[in-house]
Amino acid sequence: MAARITKDEFLARAQQRFGDRFDYSGIHYRSYKSPIKIICRKHPVQPISITPEKHLQTTGGCRHCLREKRVESLERELNRQSPNRPSPERQPETPISQVQRLALLALLLAASLPVQAGSITAESVWSEDDATQRAEVQVPKNSTVTDSQCETIQVRNSDRYRCTVFFKP
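Numbering-wise, this note's numbering comes out as the position in the sequence shown, counting from 1, plus 508.
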């Protein structure tokens, strides 16, 4: 069970954690587990309804701030230097525009998806045939299956079968 804290203690912890990112002037504090309404000063679109407990344990509750943090982390990952560079001389970095940055971000997100165009991947714990059937069921209508590839992978000391079915429209 969570420790009971007073409104003053909550406001002190929130000030320490978030500074002045949120407006707490209109809150009606009942308990640590009862929802309160706060307003993000950076994105004052609508009040955020969140419990004081969850507010202090997360990024604050503003979905717009959370989206910005996710984009920042993706961009940081995108701009991270590779440890295995073939040449030691460093290339001068050229500034990229916002459009180029979004295009690179879209490519990064698309590359992280497991399914390629013209193929469907499915898994089964039973057999390769079962995994193949699961993948074939997902093939779009009026498409022809051209090939299938299966592999056995280890997941927590048990075999799992992953099959990819290739098709053409």
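Every residue, glycine too, gets a C-beta built ideally from N, C-alpha and C.
Since the model is a prediction, treat every value here as computed from it, not as a measurement.
Extent of the continuous beta strand (DSSP E) to which residue i belongs
| i | result |
| --- | --- |
| Val633 | Careful: Val633 lies outside any beta strand (DSSP E) and carries neither H nor E. |
| Cys548 | 544-548 |
| Ser557 | 556-558 |
Own chain residues within Cβ distance below 6 Å of residue i, not counting five before or after
| i | result |
| --- | --- |
| Ile513 | Tyr540 |
| Gln646 | Ile628 |
Candidates the options: closest to residue i by CA position
| i | options | result |
| --- | --- | --- |
| Ser651 | His551, Val579, Gln606, Lys676 | Lys676 |
| Gln554 | Asp531, Val633, His536, Phe526 | Asp531 |
| Gln641 | Gln662, Asp667, Thr672 | Thr672 |
| Phe526 | Leu616, Asp637, Pro560 | Pro560 |
| Glu585 | Glu517, Leu616, Lys562, Ser605 | Leu616 |
| Glu644 | Ser635, Ser627, Val633, Trp634 | Ser627 |
| Val633 | Leu610, Leu612, Arg670, Gln657 | Arg670 |
For residue i: DSSP bridge partner residues
| i | result |
| --- | --- |
| Val653 | Phe675 |
| Glu585 | Its beta-bridge partners do not exist; DSSP assigns none. |
| Ser666 | Val663 |
| Cys473 | The first residue shown for the chain is 509 and the last is 677, placing residue 473 beyond what the model contains. |
Contacting residues, own chain, Cβ-Cβ under 7 Å from residue i (five flanking each side not counted)
| i | result |
| --- | --- |
| Cys570 | Cys548, His551, Ile556 |
| Leu574 | Thr567 |
Whole-angstrom distance between residue j and residue i, CA atom to CA atom
| i | j | result |
| --- | --- | --- |
| Gln608 | Arg578 | 18 Å |
| Leu564 | Asp655 | 52 Å |
| Arg664 | Tyr537 | 46 Å |
| Met509 | Ser542 | Confidence at Met509 is low in this model, with a pLDDT of 48, below 50, so its placement is unreliable and the value that follows should be read with caution. So the alpha carbons of these two residues sit roughly 14 Å apart. |
| Asp516 | Ser581 | 34 Å |
| His572 | Gln657 | 42 Å |
| Glu636 | Lys649 | 23 Å |
8 Å Cβ shell around residue i - same chain, five flanking residues per side excluded
| i | result |
| --- | --- |
| Val623 | In this prediction, Val623 has a pLDDT of 44, which is less than 50 and means its spatial position is unreliable; what the coordinates show is noted afterwards. Excluding residues within five positions, the ones whose Cβ falls inside 8 Å are Thr629. |
| Gln524 | none |
| Thr653 | Note that residue 653 is Val in the sequence shown, not Thr. Answer for Val653: Glu644, Val647, Val673, Phe674, Phe675, listed in chain order. |
Bounding residues of the alpha helix (DSSP H) (the contiguous stretch that carries residue i)
| i | result |
| --- | --- |
| Asp528 | It is not in any alpha helix (DSSP H) - Asp528 carries neither H nor E in the DSSP assignment. |
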